[in-house]
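Undergrad:
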Amino acid sequence: TPCEHSFPTRRSSDLGALCLIAGYQLSPPPLAVLAWYPVSNILHPTYAAPVTFPYHIDYSEVSSFLSPTAPTVSSAPAEVDFATMVATGRTRACFWTIQEGRVVELAVGSDDPAILNKFVAKELVGASTPPTVIIHGTNDLMVPIETSIELEGALKTKGVPVLLIKRSEERRVGKECSQG
430 TPCEHSFPTR RSSDLGALCL IAGYQLSPPP LAVLAWYPVS NILHPTYAAP VTFPYHIDYS
490 EVSSFLSPTA PTVSSAPAEV DFATMVATGR TRACFWTIQE GRVVELAVGS DDPAILNKFV
550 AKELVGASTP PTVIIHGTND LMVPIETSIE LEGALKTKGV PVLLIKRSEE RRVGKECSQG
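For the sequence shown, position 1 matches number 430 in this note's numbering, and the numbering has no gaps at all.
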């Protein structure tokens, strides 16, 4: 089938590494590598509770990114120094929504369970989901590892071959691959 060798991943940094590994190591190579990052379970309490960052982000710093007239960006690189968690640009706006505990409200705009479940990966998997590799950092400060563990369990329940790789390294895989 066309999706026989698709391998969804969790983090954009790991996505680049997985693409390289899959392209060179698998035969035949996968037809697609998809990112399920950043939110594989928008109902996880992490996305509804305010979070205290080492610094406060004022709404005035990010309002231009959150305005209904702001340009739509379907994919943009993270603008954050992960060592200090200091973010700029759109990523700072994302951090503000986390700081304020407004991720669900601003990202989805609804509290209807039928709509919210469309943002819960474990609710979307089925027997036709392709074999899946999930890569998740155990030190991930933004997306709880529990969301990947839940997704792994849902995939196993549906009979989907799944491998959860927990990475404890402080380094970001994508940077390593792009540097060498």
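Backbone N, C-alpha and C fix where the C-beta goes; we use that ideal spot for every residue, glycine too. Because the structure is a prediction, the values reported are computed rather than measured.
Would DSSP call Arg531 helix, strand or coil?
TA: As a first step, residue 531 must be located in the sequence shown, where it is residue number 102. It is coil, neither helix nor strand.
Undergrad: What did DSSP end up calling Leu593 once you bin it into helix, strand or coil?
TA: The residue labelled residue 593 in the question sits at position 164 within the sequence shown. Of the three classes helix, strand and coil, the one that applies to Leu593 here is strand, per DSSP.
Undergrad: Taking DSSP as the reference, what is the three-state secondary structure of Leu545?
TA: Mapped onto the sequence shown, residue 545 falls at position 116. Leu545 falls in the helix class under three-state DSSP.
Undergrad: Using 7 Å as the threshold, is the C-beta distance between Ile574 and Thr567 below it?
TA: Locating residue 574 in the sequence shown gives position 145, counting from the first residue. Locating residue 567 in the sequence shown gives position 138, counting from the first residue. For Ile574 and Thr567, yes; Cβs fall inside 7 Å.
Undergrad: Just the Cα atoms here: how many angstroms apart are Ile471 and Val549?
TA: Start at 1 with the first residue of the sequence shown, and residue 471 comes out as number 42. Start at 1 with the first residue of the sequence shown, and residue 549 comes out as number 120. Rounded to the nearest angstrom, the two C-alpha atoms are 6 Å apart.
Undergrad: Could you tell me whether the Cβ atoms of Ala516 and Phe524 are closer together than 7 Å?
TA: Residue 516 sits at position 87 when you count from the first residue of the sequence shown. Residue 524 sits at position 95 when you count from the first residue of the sequence shown. Cβ distance < 7 Å, so Ala516 and Phe524 count as in contact.
Undergrad: Taking just the CA atoms, how far does Ser456 sit from Leu495?
TA: Here residue 495 is taken as the residue at index 66 of the sequence shown, counted from 1. Here residue 456 is taken as the residue at index 27 of the sequence shown, counted from 1. Between Leu495 and Ser456, the C-alpha separation is close to 44 Å.
Undergrad: If you count every other CB in all the chains shown that lies within 10 Å of the CB of Glu605, and 16 or more means buried, which is it?
TA: The residue given as residue 605 occupies position 176 in the sequence shown. Confidence at Glu605 is low in this model, with a pLDDT of 32, below 50, so its placement is unreliable and the value that follows should be read with caution. Exposed.
Undergrad: Ala499 by DSSP, collapsed to three states: which one?
TA: Along the sequence shown, one-based indexing puts residue 499 at 70. If DSSP states are grouped into helix, strand and coil, Ala499 belongs with coil.
Undergrad: Please confirm whether Lys551 and Ala499 have their CB atoms less than 7 Å apart.
TA: By one-based count along the sequence shown, residue 551 stands at place 122. By one-based count along the sequence shown, residue 499 stands at place 70. Contact flag unset, no.
Undergrad: Count Cβ pairs between the region 554–567 and the region 588–597 that sit closer than 8 Å; are there 3 or more?
TA: Segments in contact, yes.
Undergrad: Which same chain residues, not among the five before or five after Gly588, have their C-beta less than 8 Å away from its C-beta?
TA: For the purposes of this step, residue 588 is taken as residue 159 along the sequence shown, with counting starting at 1. Residues of the same chain with a CB within less than 8 Å of the CB of Gly588, apart from the 5 flanking positions on each side, are Ala556 in chain order.
Undergrad: Are there 16 or more other CB atoms within 10 angstroms of the CB of His565, so buried, or fewer, so exposed?
TA: By 1-based counting over the sequence shown, the position of residue 565 is 136. That one is buried.
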